[in-house]
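Participant: Plus 238 on top of the position in the sequence shown (first one is 1) and you've got our numbering.
Here a beta-carbon is modelled for each residue, glycine too, at the ideal position from N, C-alpha and C.
None of the values given here were measured: they were computed from a predicted structure.
Supplied in structure tokens, the structure appears directly below.
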Amino acid sequence: MEFHPEALSVANRYKLLIGAIVPRPIAFVSTVSTEGVDNLAPFSFFNGVGSNPMTVLFCPGNQPDGTEKDTLRNCKPIEEGGTGEFVINAAVEAYASAVAAAAEDLAADESEFDLVGLTRKRSQLVRPPRVAESPFALECQTSEVIRTNPGRPGGGNVVLGRVVHVFIRDDLVNDRMHVDPDKLRAIGRMGGLGYTTTRDRFEMPRGRDALAGGPPLAEDD
Ligand SMILES: Cc1cc2nc3c(=O)[nH]c(=O)nc-3n(C[C@H](O)[C@H](O)[C@H](O)COP(=O)(O)O)c2cc1C
């Protein structure tokens with residue numbers, strides 16, 4: 239099948255994005271509102287951007303009525319009415335159900351920390367607390383928000399953040415800064431209600447040497 243995106247409903251475009259762009263890493267984002275209420279929510283439209291300066295992005299889409307999600311309202315730059323800060327916490331197997339539960343649409347004056355039973359830990363350089371149970375946390379200052387369709391349902395927003403402080407649990411990383419995936423136990427997002435662990439992995443050399451190998455074949459191949 240081939241489609242022009244405009245010929246698809248917005249809902250079907252969304253289903254193709256989340257079903258075909260898989261697996262996606264999950265940012266478990268903590269923010270604080272200008273009124274001081276902290277917020278925690280998962281975002282799988284998430285990635286690293288660059289390492290000099292150390293920069294990440296995540297994408298809180300607009301609500302069905304076109305308004306901003308609490309996370310975006312909280313972390314957008316001060317000039318746009320936000321606090322300009324957020325923390326990316328890990329999404330890991332140990333509290334996977336809390337990650338999914340934090341997507342609950344709470345009133346702006348209620349905190350998902352209390353709903354999901356995770357612990358607030360004071361951050362070093364930004365106001366939003368990090369998740370104490372999280373094996374790593376990136377404290378970020380928002381550099382910019384790029385809006386693809388402001389005020390409209392289905393519109394996306396790219397939040398670019400400069401990492402100003404890194405926490406990583408000692409046992410997770412060696413002195414060469416290699417992170418042990420078996421200790422991190424990150425989870426990823428698939429389409430629908432699907433998730434993935436990071437336990438089924440394989441290695442390949444980089445470049446032309448990779449042509450000699452490949453992933454192990456599934457049993458029914
Ligand atoms: C694993 C997972 C990943 C999600 N990823 C996104 C995402 O990338 N963008 C988005 O707008 N919403 C995403 N959501 C939905 C938000 O978490 C949900 O709308 C949440 O209520 C937003 O919280 P807030 O209004 O406190 O910011 C995701 C939900 C789950 C469970």
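#1: Do you know offhand how far GLY319's Cα is from PRO453's?
#2: Determine contact between the segment 321-337 and the segment 385-393, defined as no fewer than three beta-carbon pairs at a distance below 8 Å.
#3: Measure the alpha-carbon distance for VAL337 versus ALA450 and round it to whole angstroms.
#4: If I follow the unbroken alpha helix (DSSP H) through THR309, where does it start and stop?
#5: By how many angstroms is the C-alpha of THR380 removed from the C-alpha of LEU410?
#6: Whose CA, out of ALA265, GLY304 and VAL402, lies closest to the CA of PRO291?
#7: Between the alpha carbons of GLY432 and ASP347, how many angstroms are there, rounded?
#8: Answer yes or no: the CB of VAL337 versus the heavy atoms of ligand 1, is any distance below 8 Å?
#9: Drop a sphere of 10 angstroms on the beta-carbon of THR272, count the other beta-carbons inside from all chains shown, and report buried for 16 or more, exposed for fewer.
#10: Report buried or exposed for VAL248, applying the criterion of at least 16 other Cβ atoms within 10 angstroms of its Cβ.
#11: I'd like the list of long-range same chain contacts for GLU350, defined as Cβ closer than 8 Å, with 5 residues on each side in sequence excluded.
#12: For a test of your reading of the model: does the CB of GLY296 fall under 8 Å from any non-hydrogen atom of ligand 1? Yes or no.
#13: Report all residues from its chain with a CB closer than 6 Å to the CB of ILE264; omit the five preceding and five following residues, and keep chain order.
Facilitator: Taking the definition as stated:
#1: Residue 319 sits at position 81 when you count from the first residue of the sequence shown. Residue 453 sits at position 215 when you count from the first residue of the sequence shown. Taking the straight line from one Cα to the other gives about 48 Å.
#2: no
#3: Numbered from 1 along the sequence shown, position 99 holds the residue referred to as residue 337. Numbered from 1 along the sequence shown, position 212 holds the residue referred to as residue 450. Rounded to whole angstroms, VAL337 to ALA450 spans 39 Å at the Cα level.
#4: For the purposes of this step, residue 309 is taken as residue 71 along the sequence shown, with counting starting at 1. THR309 -> alpha helix (DSSP H) spans 308-313.
#5: By 1-based counting over the sequence shown, the position of residue 410 is 172. By 1-based counting over the sequence shown, the position of residue 380 is 142. One C-alpha to the other measures close to 27 Å.
#6: Taking the first residue of the sequence shown as 1, we reach residue 291 at position 53. Here the closest residue by C-alpha is VAL402.
#7: Taking the sequence shown and counting its residues from 1, one reaches residue 432 at position 194. Taking the sequence shown and counting its residues from 1, one reaches residue 347 at position 109. For GLY432 and ASP347, the distance between alpha carbons rounds to 30 Å.
#8: The residue labelled residue 337 in the question sits at position 99 within the sequence shown. Between ligand 1 and the CB of VAL337, the shortest heavy atom gap is smaller than 8 Å.
#9: Position 34 of the sequence shown, counted from the first residue, corresponds to residue 272. Looking at its Cβ environment, which holds fewer than 16 other Cβ atoms inside 10 Å, THR272 is exposed.
#10: As a working mapping, residue 248 is identified with position 10 in the sequence shown. So VAL248 ends up on the exposed side.
#11: For the purposes of this step, residue 350 is taken as residue 112 along the sequence shown, with counting starting at 1. So the qualifying residues of the chain are ASN277, LEU278, ALA279, ALA339, ALA340, GLU342 and LEU344.
#12: Working through the sequence shown from its first residue, we reach residue 296 at position 58. Checking the displayed sequence, the identity of residue 296 turns out to be Phe instead of Gly. Yes, Cβ of PHE296 sits closer than 8 Å to a heavy atom of ligand 1.
#13: Working through the sequence shown from its first residue, we reach residue 264 at position 26. For ILE264, where only same-chain residues beyond five positions count, the Cβ hits under 6 Å are PRO280, SER282, ALA329 and ARG427.
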